[in-house]
Amino acid sequence: MVFLHGGGVSGWMWDKQIQHFTHYHCLVPDLPEQGMSNDGTNFSIETSAAKLIELIQEKANGKQVIVIGFSLGAQVTIQMVSMEPELIDYAMINSALVKPMLWMKKWISPSIKLTFPLIKNQSFSRIQARTLYIGKDNFEIYYKETCQMKSDTLIRILEENMSFEIPDHFHKARAQMLVTVGEKEKAVMKKSAIDIVKRNPNCIGMIIPNIGHGLSLANPAFFNQIIEDWIAEGRIPKEGKLIDRSY
Numbered sequence: 006m007v008f009l010h011g012g013g014v015s016g017w018m019w020d021k022q023i024q025h026f027t028h029y030h031c032l033v034p035d036l037p038e039q040g041m042s043n044d045g046t047n048f049s050i051e052t053s054a055a056k057l058i059e060l061i062q063e064k065a066n067g068k069q070v071i072v073i074g075f076s077l078g079a080q081v082t083i084q085m086v087s088m089e090p091e092l093i094d095y096a097m098i099n100s101a102l103v104k105p106m107l108w109m110k111k112w113i114s115p116s117i118k119l120t121f122p123l124i125k126n127q128s129f130s131r132i133q134a135r136t137l138y139i140g141k142d143n144f145e146i147y148y149k150e151t152c153q154m155k156s157d158t159l160i161r162i163l164e165e166n167m168s169f170e171i172p173d174h175f176h177k178a179r180a181q182m183l184v185t186v187g188e189k190e191k192a193v194m195k196k197s198a199i200d201i202v203k204r205n206p207n208c209i210g211m212i213i214p215n216i217g218h219g220l221s222l223a224n225p226a227f228f229n230q231i232i233e234d235w236i237a238e239g240r241i242p243k244e245g246k247l248i249d250r251s252y
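Take my numbering: the last position of the sequence shown gets the number 252, and nothing is skipped along the way.
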């Protein structure tokens with residue numbers, strides 16, 4: 006079971022999942038330029054996917070492969086199943102943006118350079134942390150990693166995130182895929198979830214009620230139960246609203 010974190014956080018966001026899924030061999034890598042990753046590789050979604058494919062091929066040894074991706078990590082997951090359609094058995098794609106926001110991309114660099122000093126302001130970081138459901142237990146590591154991030158890295162991550170679209174070969178992916186999005190997320194995120202579901206018949210889509218961007222941190226027990234029920238029984242919770250392919 007491979008867990009891929011979102012942008013602005015790292016592998017620690019999955020602590021509650023690692024504590025729960027002790028019956029799996031869990032891998033929790035930090036994406037390039039984030040967390041404890043320091044091999045000199047510049048972040049990109051495609052490069053990250055290629056490196057993770059190599060890691061899985063090295064470690065799997067014929068075992069069932071499950072990938073759980075959140076936000077930026079969910080985009081990497083989509084890239085992985087598109088590059089190696091038969092490698093992954095199950096993939097949970099949680100809050101993935103796949104509708105490029107190119108009109109915003111040109112403003113990323115100048116706006117980050119202007120506002121970057123705010124990132125090291127603890128009060129500002131606490132506000133950002135709340136939007137991601139990062140609690141007191143994880144705030145210090147979140148703030149530390151935020152302060153360590155270079156502006157060029159943040160610009161790269163945001164440009165990759167806002168430029169990403171569903172790869173051409175995604176429809177060939179053989180994995181069983183659960184696509185989730187929070188009811189309180191932005192409209193573009195919900196539209197992205199619909200697009201993903203429509204592009205591969207192996208996808209089941211679900212809107213999670215009363216949640217924004219970050220279900221695994223906001224309600225880890227519920228998140229874990231969703232994964233357990235889906236993998237074991239192909240069942241999704243009655244609280245979830247199925248995404249209709251005909252949208």
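Ideal Cβ positions, reconstructed from N, Cα and C, are used throughout, including at glycine.
Since residue 45 is in the alpha helix (DSSP H), which residue starts that stretch and which ends it? Numbered from 1 along the sequence shown, position 40 holds the residue referred to as residue 45. It is not in any alpha helix (DSSP H) - residue 45 carries neither H nor E in the DSSP assignment.
Look up residue 181 in the DSSP assignment and say whether it is helix, strand or coil. By 1-based counting over the sequence shown, the position of residue 181 is 176. Strand at residue 181.
Candidates 148, 36 and 242: closest to residue 165 by CA position: Looking up residue 165 in the sequence shown gives position 160. For residue 165, the closest of 148, 36 and 242 by C-alpha to C-alpha distance is 36.
Under a Cβ-count criterion, where at least 16 other Cβ atoms within 10 Å of its own Cβ denotes burial, should residue 120 be classed as buried or exposed? Looking up residue 120 in the sequence shown gives position 115. By the neighbour-count criterion, in which a residue is buried when 16 or more other Cβ atoms sit within 10 angstroms of its Cβ, residue 120 is exposed.
Hey, how far is the Cα of residue 113 from the Cα of residue 156? If you number the sequence shown from 1, residue 113 lands on position 108. If you number the sequence shown from 1, residue 156 lands on position 151. Residue 113 and residue 156 have their alpha carbons spaced roughly 11 Å apart.
Cα separation between residue 42 and residue 104? Here residue 42 corresponds to residue number 37 of the sequence shown, with the count starting at 1. Here residue 104 corresponds to residue number 99 of the sequence shown, with the count starting at 1. Distance between the alpha carbons of residue 42 and residue 104: 28 Å.
Which residue or residues does DSSP assign as beta-bridge partners of residue 65? Numbered from its first residue, the sequence shown carries residue 65 at position 60. As DSSP reads the structure, residue 65 sits in no beta bridge.
Quick one: give me the first and last residue of the beta strand (DSSP E) that residue 208 is part of. Residue 208 sits at position 203 when you count from the first residue of the sequence shown. Its beta strand (DSSP E) spans residues 208-213.
Based on DSSP bridge pairs, tell me the residues matched to residue 246. Indexing the sequence shown from 1 puts residue 246 at position 241. 212, per the DSSP bridge assignment.
Which runs of the beta strand (DSSP E) at least 3 residues long sit entirely within the region 93-180? Give them in chain order. If only complete runs of 3 or more residues are kept, the region 93-180 shows the beta strand (DSSP E) at 95-99, in order along the chain.
For residue 134, which residues in the same chain have their Cβ closer than 7 Å to its Cβ, ignoring the five residues on either side in sequence? The residue given as residue 134 occupies position 129 in the sequence shown. Around residue 134: 144 and 147.
Could you spell out where the alpha helix (DSSP H) holding residue 199 opens and where it closes? The residue given as residue 199 occupies position 194 in the sequence shown. Its alpha helix (DSSP H) spans residues 192-204.
Residue nearest to residue 25 in terms of C-alpha spacing, selected from 231, 175 and 219: Here residue 25 is taken as the residue at index 20 of the sequence shown, counted from 1. The residue with the shortest Cα to Cα distance from residue 25 is 231.
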